[in-house]
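Take a look at the structure below.
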Amino acid sequence: MEHWKRTIERANRCFMLGELVDAREAYLQALALAQVLLERWADTRPVAVCPMPTAWPWALLCRVCRKGW
């Protein structure tokens, strides 16, 4: 999960700097990792889309970012 968070943070930094190709690549990597992590969880009920604007639209797992919860 920490790797997922670091990947999202890297993507967000790239996006803010206008490095859109690098940001897209990092977001895609984070999405693939999130899909793998989700498959490994036995109980997916607590998983939700993060409502926080700083994480939108890429923070898929609020148990990870814990912002606003």
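Heads up: the sequence shown runs through residues 3 to 71, numbered per the working numbering. All C-beta atoms, glycine included, are put in the ideal place defined by N, C-alpha and C. As the structure is a prediction and not an experimental result, all values here were calculated from the model.
Problem set entry | Contact set for R5: own chain, Cβ-Cβ below 8 Å, skip 5 residues either direction | Arg is not the amino acid found at residue 5; the sequence shown has His there. These residues qualify, in order along the chain: L35.
Problem set entry | Range covered by the alpha helix (DSSP H) that runs through M3 | Neither: M3 is in no alpha helix (DSSP H) and is coded neither H nor E.
Problem set entry | Three-state secondary structure (DSSP) of E11 | helix
Problem set entry | C-alpha gap between M18 and D24, whole angstroms | 11 Å
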